[in-house]
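Residue numbering for the sequence shown follows this note's numbering, beginning at 65 and increasing consecutively.
Every residue gets a Cβ at the ideal spot worked out from N, C-alpha and C, and that includes glycine.
Written below as structure tokens is the structure these notes are about.
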Amino acid sequence: MEPTKEISALLNLIDDPDEEVFGAVSNRIVGFGRTIIPNLENLWELTPDQQIQERIELIIHRLHYTDLVEDFRQWNLAGHHDLLVGSLLVAKFQFPELITSPVLLEVEKIRRNIWLELNNYLTPLEQVRIITGILYSYHSLKGTEIAYSDINEFLLNKILESKKGNQLSNGILYLILCDLLDIPVKAIGVPRQFVLAYFKQGYNNELSSNQLDKVEFFIDPTSGMVFTHKDIENYFKRISVPLVDSYFKPLNNKMVIQHLLEEASKCFDNEKEYYKKEEMQVIVKLLDE
65 MEPTKEISAL LNLIDDPDEE VFGAVSNRIV GFGRTIIPNL ENLWELTPDQ
115 QIQERIELII HRLHYTDLVE DFRQWNLAGH HDLLVGSLLV AKFQFPELIT
165 SPVLLEVEKI RRNIWLELNN YLTPLEQVRI ITGILYSYHS LKGTEIAYSD
215 INEFLLNKIL ESKKGNQLSN GILYLILCDL LDIPVKAIGV PRQFVLAYFK
265 QGYNNELSSN QLDKVEFFID PTSGMVFTHK DIENYFKRIS VPLVDSYFKP
315 LNNKMVIQHL LEEASKCFDN EKEYYKKEEM QVIVKLLDE
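The structure is reproduced here in structure tokens:
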């Protein structure tokens, strides 16, 4: 059978009431790759039945997801694990047709605004105050509590668009900017929070018995507020968790993206979209390979 005739035959079978038949049909359609998406979109527009439209949407999602998994696999194989690229891949889970150039331009605009204010004579605290002032005051970024009702608050493109993100997504934007500006701010593994730390010059990622001594101060990316060592010690006392050095080891970019995927997946903890939660968890495990 010629491919075009086979595609037409498969599309005609999408409305088959037998779920087993539909499963086989959808698997075969996905096998054609993303080039078949225009055919599916055209069929969706011509289909008045909402249930059939949902089936078509599911197949289109599977096609995009297959490509996304491969993109994550390639990102994982790269040595640097660029945080900006990883964040955009997470955004593409929800917005597969995302055009990344406006996001990249906006990040570059913020980076340049900060860079123009920096110089070699600033203290670490002065550097961070400039970053915070530009990001939260000049660019009006707002922080919210982490909730799992809106996936957009986890996605870089939507944060830049709405000027609103949660502690995790704001923190990742903060990390991206610091990485581009060569400022030693890293995420750390403080329990129940996504906290950033400004590391002293010459720090390394190796865990030692004085990990906390490598940190100048801490940053809450919800608002950019700075915290001292004493503030962090008080927090650990409040949650009754021992102050262990491993909590203050810098998280690498892959760990940050895995954390973002895990947290964002909780937005799909409902019967209708639970498959999306499982798909995000598959990517998390893929990054461990």
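Given this structure, state the Cα-to-Cα distance separating residue i from residue j, to the nearest angstrom.
i, j, result
"Lys-294", "Leu-276", "11 Å"
"Pro-252", "Pro-314", "One point to set straight first is that residue 252 is Ile, not Pro, in the sequence displayed. The alpha-carbon atoms of Ile-252 and Pro-314 are separated by roughly 5 Å."
"Gln-322", "Asp-246", "23 Å"
"Ile-195", "Lys-69", "58 Å"
"Val-348", "Ile-174", "29 Å"
"Ser-213", "Cys-331", "6 Å"
"Pro-188", "Phe-263", "9 Å"
"Asn-184", "Asn-317", "26 Å"
Give the DSSP-derived three-state secondary structure of residue i in the structure shown.
i, result
"Trp-230", "Strictly speaking, residue 230 in this sequence is Asn, with Trp absent from that position. If DSSP states are grouped into helix, strand and coil, Asn-230 belongs with the strands."
"Ala-88", "helix"
"Met-65", "Only weak support is given to the placement of Met-65: the predicted model assigns it a pLDDT of 33, under 50, and the value that follows is read from those uncertain coordinates. The answer is coil: DSSP assigns Met-65 none of H, G, I, E or B."
"Pro-306", "coil"
"Pro-255", "coil"
"Pro-314", "strand"
"Leu-79", "It is Asp, not Leu, that sits at residue 79 in the sequence shown. Three-state result, Asp-79: coil."
"Ala-73", "helix"
"Leu-235", "According to the sequence provided, residue 235 is Gly. The question's Leu does not apply to it. Gly-235 falls in the helix class under three-state DSSP."
"Ser-213", "coil"
Name the two residues that bound the continuous beta strand (DSSP E) containing residue i.
i, result
"Ala-328", "Per DSSP, Ala-328 belongs to no beta strand (DSSP E); it is in the alpha helix (DSSP H), 317-329."
"Phe-263", "259-263"
"Ser-251", "Reading the sequence as shown, one finds Ala at residue 251 and not Ser. Element bounds for Ala-251: 249-252."
"Asp-284", "279-284"
Among the options, which has the Cα closest to the Cα of residue i?
i, options, result
"Asp-243", "Ile-93, Ile-100 and Leu-148", "Leu-148"
"Glu-337", "Phe-300, Phe-157 and Leu-153", "Phe-157"
"Gly-97", "Arg-119, Ile-71, Leu-186 and Gln-115", "Ile-71"
"Asp-284", "Gly-143, Lys-250 and Lys-330", "Lys-250"
"Ala-355", "Ile-78, Gln-257, Ile-198 and Gly-150", "The structure shown does not extend to residue 355, since the chain spans only 65 to 353, so no value can be given for it."
"Leu-74", "Glu-161, Gln-265, Ile-123 and Gln-115", "Ile-123"
"Val-171", "Gln-115, Arg-126, Asn-183 and Leu-237", "Leu-237"
"Val-308", "Asn-317, Ser-287 and Ile-296", "Ile-296"
Which residues bound the alpha helix (DSSP H) around residue i?
i, result
"Thr-196", "188-196"
"Lys-206", "Here Lys-206 belongs to no alpha helix (DSSP H); instead the beta strand (DSSP E) covers 206-208."
"Leu-153", "147-158"
"His-125", "114-141"
"Gln-345", "338-350"
In the DSSP output, what is residue i paired with across the bridge?
i, result
"Val-290", "Ile-283"
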